[in-house]
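Okay, so the sequence shown: first residue is 653 according to this note's numbering, each after it adds one. Just so you know, even glycine gets a beta-carbon here, dropped at the ideal spot from N, CA and C. All values derive from a computational prediction rather than experimental measurement.
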Amino acid sequence: MRARVSPLRKPLRVDGVRVPGDKSISHRALLFAALAEGESRIAGLAGGDDVRSTARCLAQLGVPLLRGDGTPWAPKPRSQEFPEEARPAFVPPQRPAGSAPLPEHDPDMEEDDAIVLGQGLGGLREPVARLDCGNSGTTIRLLTGVLAGAGVEATLTGDESLSRRPMERVAKPLRQLGAEIETSFGKPPVIVRRGHPLRGSAIASDVASAQVKSAVLLAGLFAEGETSFSEPAKSRDHTERLLRTMGAGIFQRGNTVAVRGRAKLRGFALDVPGDLSSAAFLIAAALIAPEGSTVSLEHVGVNPTRAGFLDAVAMFGARLQLELGQSGGPEPVAKLTAQTQKLRGAELDGDLVLRAIDEVPILAVLGAFAEGETVIRGAQELRVKESDRIAQTAAGLRAMGARVDELPDGLRIQGGGLRGGAVIDSAMDHRIALAFSVAALAAREPCTISGAEWADVSFPGFYAFLRTMGAEVEIFS
């Protein structure tokens, strides 16, 4: 599907909006709740395709979970803004024989909330079919850690994009714990064999990756003794925060985190913060929109280990208003307000880029609208995301008229604005679709996003939301 996005003709006015729930936290909340003893209630889950992949796989493993509207979790149709033929058929996940009954419906909960009846560390059942992780790298990597620890034999697959992503970075440290894992030349499908119980060990990683760290810690929950994971810099810590809330024996020493195996995890109640990565697109839109634009977003997660976008925006010379709120959970939240501002070029690298790795495409767009040169370094991890995001971002900016140098680990961008008038290929990557849709709002000519449906992965209904903001968006096949 394609979306034709025209430049804004008047200022944006958005007040008190809550963006979709944080995708990283939503994955973890569902998965960790499945391993707990007792019931967990999770409000504000991300409603995109990726989180539904995690829920579907858990159902295949025998975990009883309901949506807030009382229906079992399963693939939902894509946003109504796309034609009928673009929506997948409803296929209920097949639950293993002997699975526990589904929990009761709670009328006070919303559609994208969840009630999960945890099965404990020993309660997962062997699936009767392959676990299809869709486009979700978080699903396949974290589930690999859980299945390896639980000794549940399964094959994990994904779509065309996921099937190109590296899995040895997860499989290798899990093998050090004693897991038996096979990959297809380092990529999915991944086969987890039923092997011997895992042994706690000290794992040292040469890359800072929250997904690899989480897979190891989750496997460590099942292992005998202590499992530790060391990384060159501290990656996002959503896993550590939630496991600590659930009663896990987990502790941090510098860039090393350790977990004691075989502790009981207790159920929890959580209101998932709004996703800062989704909020970043609306904040960026406000910064480069016509003079007088204001965007105010409620209950946005501002975890310091992944709030690099906020620091990066400050380096562009922009000032945001941040009002800390009460989350009632392990994650800090805030109200964020952004207004139209003049931006200056910036140099972004090191720890800041690690904490803003998912926001690099939209930061590059801001660089194209800033005065002067913007350089982004230390983002080599983007080469192995849903697409090669460095290459795709460079190609999109060039198509819209920017002067861009592609670096091995980043980009050099000459600012001054974008002409537009281009067709941008999303490359089946939601961040690319979203970033260039925002770029089109401030370009001089309309742009067309090819593969616009991929925006639904993390921001369902994004184009409909743009229309409510006053943007001109046309959806066509």
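Note on arginine 1083: 16 or more other CB atoms within 10 angstroms of its CB, so buried under the neighbour-count rule.
Inclusion of asparagine 955 and arginine 888 in the CB contact set at 8 Å is warranted, their separation being smaller than that value. In the displayed model, proline 884 falls within coil according to three-state DSSP, outside both helix and strand. Uninterrupted alpha helix (DSSP H) stretches at least 4 residues long and entirely within the region 1018–1089 occur at 1041–1051, given in chain order. Between the alpha carbons of glutamate 820 and alanine 698 lies a gap of roughly 28 Å. For isoleucine 935, the uninterrupted alpha helix (DSSP H) segment begins and ends at 928–940. Per DSSP, the continuous beta strand (DSSP E) segment holding arginine 665 begins and ends at 665–669. Cβ-Cβ separation between alanine 1054 and alanine 1020: approximately 5 Å, consistent with a contact (criterion under 8 Å).
DSSP, reduced to helix, strand and coil, places phenylalanine 874 within a helical segment of the structure shown. The continuous stretches of beta strand (DSSP E) do not include lysine 824, which lies in the alpha helix (DSSP H) extending over residues 820–828. Between alanine 1095 and methionine 1052, the beta carbon gap of about 6 Å places them in contact (Cβ cut-off 8 Å).
DSSP places arginine 708 in no beta strand (DSSP E) but in the uninterrupted alpha helix (DSSP H) bounded by 701–712.
Secondary structure of lysine 839 (DSSP, three-state): strand. With fewer than three CB-CB distances shorter than 8 Å, the region 884–901 does not count as touching the region 698–708. Bounds of the beta strand (DSSP E) holding threonine 946 are 946–953.
A check of alpha carbon separations from phenylalanine 968 across Leu795, Ala998, Pro1060, Leu949 identifies Ala998 as the nearest.
If you draw a straight line from the Cα of aspartate 764 to the Cα of phenylalanine 1128, it comes to about 27 Å. In the three-state scheme derived from DSSP, where H, G and I count as helix and E and B as strand, aspartate 1001 is classed as coil. Judged by DSSP in its simplified three-state form, glutamate 975 adopts strand.
Within the region 1094–1121, the complete beta strand (DSSP E) runs of at least 3 residues fall at 1099–1102. Between tryptophan 1106 and serine 1089, the gap from beta carbon to beta carbon reaches 8 Å or more.
Contact between glycine 770 and alanine 900 is ruled out by a C-beta separation of about 13 Å, above the 8 Å threshold. Between the region 773–786 and the region 804–818 there are three or more inter-stretch CB-CB distances shorter than 8 Å, so the stretches are counted as touching. Per the C-alpha coordinates, the member of Cys709, Ala862, Leu962 positioned closest to valine 952 is Leu962.
Per DSSP, the continuous beta strand (DSSP E) segment holding valine 911 begins and ends at 908–912. With respect to the C-alpha of glycine 1062, the residue from Ala1092, Thr957, Leu870, Pro1013 having the closest C-alpha is Pro1013. In this structure, DSSP gives aspartate 923 an extended state, which the three-state scheme calls strand. The alpha-carbon of alanine 875 is positioned some 32 Å away from that of glutamine 1032.
In the structure shown, leucine 776 falls within a coil segment according to DSSP collapsed to helix, strand and coil.
With a cutoff of 8 Å on beta-carbon distance, proline 1112 and glycine 700 are scored as near each other. The shortest C-alpha to C-alpha distance from lysine 994 to any of Gly1002, Pro984, Gly1024 is the one to Gly1024.
In the DSSP annotation of this structure, the continuous segment of the alpha helix (DSSP H) that includes valine 798 starts and ends at 789–802.
With respect to the C-alpha of serine 836, the residue from Arg851, Asp667, Thr809 having the closest C-alpha is Thr809. Per DSSP, the beta-bridge partners of glutamine 991 are Thr946.
Counting the other Cβ atoms within 10 Å of the Cβ of threonine 1120 gives fewer than 16, which makes it exposed. Annotation for arginine 851: Leu829, Gly830, Ala875, Glu876, Gly877 place their beta carbon closer than 7 Å to its own, counting only its chain and skipping 5 residues before and after.
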